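First the structure, in the form of structure tokens, and then the observations on it.
Number of protein chains: 2
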Amino acid sequence: MTGARAGSQPRGRGRPAGGSDARDRILAAARQEFAAKGYDKVSLRGIARTAEVDPALLHHYFSGKEQVFVSAMQLPFDPADALPLILAGPIEELGERITRFFLGVWSEPEGRGAFLALLSSATTTPAGAALLREFASDALLSQVAARLGVPDAELRVEAALTQMLGLALGRFVIGLEPLASLPTDDVVRLIAPTVQHYLTGELP
Amino acid sequence: MTGARAGSQPRGRGRPAGGSDARDRILAAARQEFAAKGYDKVSLRGIARTAEVDPALLHHYFSGKEQVFVSAMQLPFDPADALPLILAGPIEELGERITRFFLGVWSEPEGRGAFLALLSSATTTPAGAALLREFASDALLSQVAARLGVPDAELRVEAALTQMLGLALGRFVIGLEPLASLPTDDVVRLIAPTVQHYLTGELP
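Heads up: the sequence lines are chains L and V, in that order.
Under the numbering used here, the first residue of the first sequence carries the number 1, and numbering increases by one thereafter.
Under the numbering used here, the first residue of the second sequence carries the number 1001, and numbering increases by one thereafter.
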């Protein structure tokens, strides 16, 4: 980020000169659009309209909708960058790589805060649930399913995600003991085999 | 419940005559106490004081703190009644009985609403998280752990709970497809073996 942090009030109407003020306006407009419409129905053009900026400026700051979402929601990583690294490597260790990455993100206060906000919104309003469903399907689940490349890949990835989400709830949100204080390696040994089983194991 | 439904405004100060009005005041006081203090630190005496009723009246309506909580939060079942039934029967099918019961409760609108309120509160405020942690530990986890009767029973039951919580999130809250539309029996076949593994399987 460059320049001084802009205030929360947008400047007067009309086409902005750009700069960090415009970027902040784009992110505020994006949060408003995502909260109202979910993920799938939001367009970069619509965000630009709400932010009252030229659509070209949006493309100057962001590579696409996913990156706008990641910035607007202050997610600690962009799935478009992180997933290829996680998906590369032996498929029989994919469960462990996913579990480790997920635990790492939730261990950091910023990551935890951003994901907790998504979960809080998803458990509080149907719009929040739709937003998480559509973003997770688009940016996460479909990529992992494509890597698996089997007919029931979607259900496998969703089963793995339920285990990851529940782990986050139990360890980091609800704080069940002894699970919450267990060393990360022990949590990986306990949970990663389940994730691996859902991804590549023999299912009924 | 007997008698007409009382309004939300308590009557004038002083010792009440009892009846459904007093019961509603007790439940309102209980919600207030649980929200402020979590589960463990709340006492029946404290609820009676906040509700301005004689503690004996509380014991007239409720068998204990757990039943007050279940009524105040409108949970669709009392763990004290349901758990003995689930825990009875062959231990090698405990994972399936737990998964089926859990899916059944979340399938009913009332059950879903009550548990969603607990999850929403747990993901929104630390007090909400503490309330769910303390109630789950007290009324659910410790009972199941006692049934297992092995040294690492607590961690086993918590691991099983993470899978149950994540399943509820994925299937009923976020609504991931195809998981959300999968017939119950297929969900049980997919998830129950994981629950059983955590409870009685060979862990690292």
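Glycine included, each C-beta is placed from N, C-alpha and C at the ideal position.
In this text the structure is predicted, and so the values were computed from the model without any measurement.
Please work out which residues of its chain come closer than 8 Å, Cβ to Cβ, to residue i, disregarding the five sequence neighbours upstream and downstream, and give them in chain order.
i	result
V/D1040	E1134, D1138
V/D1186	none
V/G1113	Q1074
V/A1082	F1101
V/H1059	L1044
L/A136	L161
L/G89	R97
If you reduce the DSSP assignment to three classes, tell me which class residue i lands in.
i	result
V/P1193	helix
L/V88	Checking the sequence shown, residue 88 of chain L turns out to be Ala, not Val. Coil.
V/K1041	coil
L/E96	helix
V/Q1074	coil
L/L176	coil
V/G1166	helix
L/G111	helix
L/P10	Here L/P10 scores only 40 on pLDDT, less than 50, and its place in the model should not be relied on; the value that follows carries that caveat. L/P10: coil per DSSP, three-state reduction.
V/G1064	coil
L/E33	helix
L/D54	coil
V/L1083	helix
V/T1125	coil
L/G149	coil
V/L1132	helix
L/E202	coil
V/S1020	helix
V/D1185	helix
Verify whether the separation of the beta carbon atoms of residue i and residue j is less than 7 Å.
i	j	result
L/A72	L/R31	yes
V/L1132	V/A1145	no
V/P1178	L/L203	no
L/L57	L/A22	yes
V/L1140	V/P1079	yes
V/G1166	L/T162	yes
L/V68	L/F77	no
V/L1116	L/E158	no
L/V173	V/A1129	yes
Give me, in chain order, the residues of the same chain whose beta-carbon lies closer than 6 Å to that of residue i; leave out the 5 immediate sequence neighbours on both sides.
i	result
V/T1099	V1188, I1191, A1192, V1195
V/A1160	V1195, Y1198, L1199
L/A51	R25, I26, A29
L/M164	F102
V/V1042	E1033, F1034
V/A1153	A1145
V/L1094	L1199
L/E66	A80, A139
In its own chain, which residues sit with a C-beta less than 7 Å from the C-beta of residue i, not counting the 5 before and 5 after it?
i	result
V/K1037	none
V/P1055	L1044, R1045, A1048
V/L1086	This sequence places Ile at residue 1086 of chain V; Leu is not what is there. Closer than 7 Å at the Cβ level, and outside the excluded window around V/I1086, lie R1097, I1098, F1101.
V/I1091	T1200
V/V1070	D1078
V/V1053	P1016, A1022, R1025, I1026
L/R147	L87
L/G111	P76, V105
L/V180	The amino acid at residue 180 of chain L is misidentified as Val; the sequence shows Ala. Excluding residues within five positions, the ones whose Cβ falls inside 7 Å are R171.
V/V1150	none
L/E108	P76
So residue i contacts chain L; which residues on that side make the cut at Cβ distance below 9 Å?
i	result
V/E1154	L176, E177, P178, L179
Can you round the beta-carbon distance between residue i and residue j to whole angstroms, since I take them to be within the 8 Å contact cut?
i	j	result
L/S120	V/T1124	5 Å
V/W1106	V/A1168	5 Å
Using only the heavy atoms of the ligand PLP, determine whether one of them is closer than 6 Å to the beta carbon of residue i.
i	result
V/L1176	Looking for the ligand PLP in the displayed structure turns up nothing, as the structure carries no ligands at all.
Residues of chain L with CB closer than 8 Å to the CB of residue i, please, in chain order.
i	result
V/Q1163	T162, Q163, G166, T194
V/V1173	A122, T123, A129
Would you mind telling me which residues of chain L sit closer than 7 Å to residue i, beta carbon to beta carbon, in chain order?
i	result
V/E1158	G170, L176, L179
V/R1025	Neighbours of V/R1025 on chain L: none; closest Cβ ~27 Å, over 7 Å.
V/L1044	What V/L1044 touches in chain L: nothing, since even the nearest Cβ is about 25 Å away.
Going along chain V in order, which residues have a C-beta closer than 8 Å to the C-beta of residue i?
i	result
L/P109	Residues of chain V passing the Cβ test: none, with the nearest at roughly 14 Å.
L/L132	I1174
Under 9 Å Cβ-Cβ, which residues of chain A neighbour residue i?
i	result
L/R189	Checking the listed chains, one finds no chain A in this structure; the protein chains it contains are L and V.
Determine the chain V residues that contact residue i at a beta-carbon separation under 7 Å, and present them in chain order.
i	result
L/L116	T1123
L/L119	T1123
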